[in-house]
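Residue numbering for the sequence shown follows numbering that gives the first Met the number 0, starting at 0 and increasing by one per position.
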Amino acid sequence: MKKALLALSVLALVGIAPRAAKAQIVQIDGSSTVFPVTEAVAEEFQKSKKGKVKVTVGIAGTGGGFKKFCRGEIDVSNASRPILKSEIEDCKKSGVQFIELPVAYDALTVIVNPKNDWVKSITVPDLKKMWEPAAQGKITTWNQIRPEWPNSPLKLFGPGADSGTFDYFTEAIVGKAKSSRGDFTASEDDNVLVQGVSNDRNALGYFGFAYYIENQAKLKAVPIETAKGPVGPSAKTVEDGTYQPLARPIFIYVSKKSLDSKPEVREFVDFYLKNASKLVKDVKYIALPPSAYKIAEEHVSKRKVGTVFGGTAEVGVKIEDLMKREANF
Numbered sequence: 000m001k002k003a004l005l006a007l008s009v010l011a012l013v014g015i016a017p018r019a020a021k022a023q024i025v026q027i028d029g030s031s032t033v034f035p036v037t038e039a040v041a042e043e044f045q046k047s048k049k050g051k052v053k054v055t056v057g058i059a060g061t062g063g064g065f066k067k068f069c070r071g072e073i074d075v076s077n078a079s080r081p082i083l084k085s086e087i088e089d090c091k092k093s094g095v096q097f098i099e100l101p102v103a104y105d106a107l108t109v110i111v112n113p114k115n116d117w118v119k120s121i122t123v124p125d126l127k128k129m130w131e132p133a134a135q136g137k138i139t140t141w142n143q144i145r146p147e148w149p150n151s152p153l154k155l156f157g158p159g160a161d162s163g164t165f166d167y168f169t170e171a172i173v174g175k176a177k178s179s180r181g182d183f184t185a186s187e188d189d190n191v192l193v194q195g196v197s198n199d200r201n202a203l204g205y206f207g208f209a210y211y212i213e214n215q216a217k218l219k220a221v222p223i224e225t226a227k228g229p230v231g232p233s234a235k236t237v238e239d240g241t242y243q244p245l246a247r248p249i250f251i252y253v254s255k256k257s258l259d260s261k262p263e264v265r266e267f268v269d270f271y272l273k274n275a276s277k278l279v280k281d282v283k284y285i286a287l288p289p290s291a292y293k294i295a296e297e298h299v300s301k302r303k304v305g306t307v308f309g310g311t312a313e314v315g316v317k318i319e320d321l322m323k324r325e326a327n328f
């Protein structure tokens, strides 16, 4: 009799254990540029929950993240550009409503190898000449950009086509999103681009500011020539609006359904917005003003779905411009 009761007790525990041990999960994917911020938040949040919640963060690129998000496969999408009309339509078809939350600013950074001693600064027309579709197979040496530069191979490294950074850079530099030559080394993983440029004296690439700061011992940032002279990427030049056209807001997009049905997602987003300012600075991006995070908290609380960007690519949106839109949304 005792053995039978013991066996029943063991079976009962076995049946209950998997449910009790199963961690709550917040699933995130998307931009590799936003990844350092969200990863830092995820690590701190998981510590605060003492293992009760697991947060997974992928780097499928902004476009890849939105594909999963608009199919309802993930709770949060990291994005280094605003959602596009086609992606909004995909979300509508699947019944996915979203809350758009700016979390930081990025100074998209053009980088060369430290042994490159000829590029002191660069113009937007120089970059366009390098990267426009017409350059494919034709602009292959540095002296084709400027005659005083050497007759050396021009090796280009950049994000892949699913990257929001690729979209933003091509819009800002070439004049049309996704309009680019195809004969360059592309990767959704910015660490691959870091390695490529750091190993080749003739290389030039671009990616988010945090990846430059993390690897500045083996890379050199190139200032952008403006009417007021060359301006390099920094928190100061982004905040004062002088680093143009490569300063941009970065975002997370949160599923309203996940917010409403999964307490762990709601807790994660609240934690994100309350701790973003410090953690954004820790990973070397530019934090928004405190009032921006308060506005974002209100948008979450009121479940304010949609976008302030209208589904179109925009270049040169300064922090104060973004704040006005968010406050009036």
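Every residue, glycine too, gets a C-beta built ideally from N, C-alpha and C. The structure displayed is predicted, hence computed values, not measured ones.
Quiz item: Is Pro232 closer than 8 angstroms to Phe267 when the C-beta atoms are compared?
Solution: Taking the sequence shown and counting its residues from 1, one reaches residue 267 at position 268. Taking the sequence shown and counting its residues from 1, one reaches residue 232 at position 233. No; because the gap between Cβ atoms is not below 8 angstroms, this pair is not in contact.
Quiz item: Helix or strand or just coil, what does DSSP make of Tyr104?
Solution: Counting from 1 along the sequence shown, the entry for residue 104 is found at position 105. Tyr104 falls in the strand class under three-state DSSP.
Quiz item: Hey, how far is the Cα of Asp281 from the Cα of Ala275?
Solution: In the sequence shown, the residue the question calls residue 281 occupies position 282. In the sequence shown, the residue the question calls residue 275 occupies position 276. Rounded to the nearest angstrom, the two C-alpha atoms are 10 angstroms apart.
Quiz prompt | When Leu203, Asp182, Val264 and Val230 are compared against Lys219, the one with the closest alpha-carbon | solution = The residue you call residue 219 lines up with position 220 of the sequence shown. The residue with the shortest Cα to Cα distance from Lys219 is Leu203.
Quiz item: Beta-carbon separation of Asp105 and Ser85 under 8 angstroms?
Solution: The count along the sequence shown starts at 1 and reaches residue 105 at position 106. The count along the sequence shown starts at 1 and reaches residue 85 at position 86. Contact: no.
Quiz item: In or out: Gly163 buried (at least 16 other Cβ within 10 Å) or exposed?
Solution: In the sequence shown, counting from the first residue as 1, residue 163 sits at position 164. Gly163 comes out buried.
Quiz item: Going by other Cβ atoms of all chains shown within 10 Å of its Cβ, with 16 needed for buried, is Glu42 buried or exposed?
Solution: Taking the sequence shown and counting its residues from 1, one reaches residue 42 at position 43. By the 10 Å Cβ count, Glu42 comes out exposed.
Quiz prompt | CA-to-CA distance, Lys283 to Lys137, given in whole angstroms | solution = Numbered from its first residue, the sequence shown carries residue 137 at position 138. Numbered from its first residue, the sequence shown carries residue 283 at position 284. Taking C-alpha positions only, Lys137 is separated from Lys283 by approximately 37 angstroms.
Self-check item: Pair within 8 angstroms by beta-carbon distance, Val33 and Ile251
Solution: For the purposes of this step, residue 33 is taken as the residue at position 34 of the sequence shown. For the purposes of this step, residue 251 is taken as the residue at position 252 of the sequence shown. Annotated as proximal: Val33 and Ile251, with beta-carbon spacing under 8 angstroms.
Exercise. Take the Cβ of Ile144 as the centre, count every other Cβ of all protein chains shown within 10 Å, and call the residue buried at 16 or more, exposed below.
Key: Here residue 144 corresponds to residue number 145 of the sequence shown, with the count starting at 1. Buried, because 16 or more other Cβ atoms sit within 10 Å of the Cβ of Ile144.
Practice problem: Keeping to the same chain, check which residues put their C-beta closer than 6 angstroms to that of Ile82; ignore five residues upstream and five downstream. | Solution: Taking the first residue of the sequence shown as 1, we reach residue 82 at position 83. In chain order, Thr306 place their CB closer than 6 angstroms to the CB of Ile82, counting only its own chain and leaving out the 5 sequence neighbours on each side.
Self-check item: Selection from Val173, Val109, Tyr242 and Trp130 that minimises the alpha carbon distance to Ile212
Solution: Residue 212 sits at position 213 when you count from the first residue of the sequence shown. Residue nearest to Ile212 within the set Val173, Val109, Tyr242 and Trp130 is Val109 (criterion: CA-CA distance).
Quiz item: Should Lys273 be listed as close to the ligand ATP, given that the test is whether its C-beta is under 7 angstroms from any heavy atom?
Solution: Absence of the ligand ATP is noted for the structure shown, with no ligands found whatsoever.
Exercise. Within the same chain, show all residues whose beta-carbon is closer than 7 angstroms to that of Glu38, passing over the 5 residues directly before and after it, in chain order.
Key: On the sequence shown, residue 38 is found 39 positions in, with the first residue counted as 1. Within the same chain, Glu38 has close Cβ partners Val56.
Quiz item: How far does the alpha helix (DSSP H) with Val173 in it reach, from first residue to last?
Solution: In the sequence shown, the residue the question calls residue 173 occupies position 174. Neither: Val173 is in no alpha helix (DSSP H) and is coded neither H nor E.
Quiz item: When you compare only the Cα positions, how much space is there between Pro255 and Ile121?
Solution: To locate residue 255, count along the sequence shown from 1; it is residue 256. To locate residue 121, count along the sequence shown from 1; it is residue 122. It should be pointed out that residue 255 corresponds to Lys in this sequence rather than to Pro. Between Lys255 and Ile121, the C-alpha separation is close to 43 angstroms.
Exercise. Please go through the segment 224-287 and give each complete beta strand (DSSP E) segment of 3 or more residues, from N-terminal end onward.
Key: Fully contained in the segment 224-287 are the following beta strand (DSSP E) runs of length 3 or more, in chain order: 228-230 and 246-254.
Practice problem: Please look up how many angstroms separate the CB atoms of Pro244 and Ala171, rounded, as I've assumed it's under 8 angstroms. | Solution: Reading the sequence shown from its first residue, position 245 is the one you call residue 244. Reading the sequence shown from its first residue, position 172 is the one you call residue 171. Going by Cβ atoms, the distance from Pro244 to Ala171 rounds to 4 angstroms, so yes, they are a contact pair.
Exercise. For the segment 84-98 and the segment 56-69, state whether three or more C-beta atom pairs, one from each stretch, are separated by less than 8 angstroms.
Key: Under the Cβ criterion (8 angstroms, minimum of three pairs), the segment 84-98 counts as touching the segment 56-69.
Practice problem: Apply the 10 Å Cβ neighbour rule to Arg70 and answer buried if 16 or more other Cβ atoms are within range, or exposed otherwise. | Solution: Mapped onto the sequence shown, residue 70 falls at position 71. By the neighbour-count definition (other C-beta atoms within 10 Å, threshold 16), Arg70 is an exposed residue.
Quiz prompt | Opening and closing residue of the beta strand (DSSP E) in which Gln366 lies | solution = The question about residue 366 has no answer here: the residues shown for the chain are numbered 0 through 328.
Quiz item: Among the residues of its own chain, which have a CB less than 6 angstroms from the CB of Ala134, if the five just before and after it don't count?
Solution: Here residue 134 refers to the residue found at position 135 of the sequence shown. If you ignore the 5 residues before and after Ala134, its C-beta comes within less than 6 angstroms of the C-beta of Arg180, all in its own chain and listed in chain order.
Quiz item: Taking the C-alpha atoms as reference points, what is the distance between Tyr210 and Gly29?
Solution: What you label residue 210 is simply residue 211 of the sequence shown in a count that begins at 1. What you label residue 29 is simply residue 30 of the sequence shown in a count that begins at 1. Using only the alpha carbons, I get a separation of about 16 angstroms.
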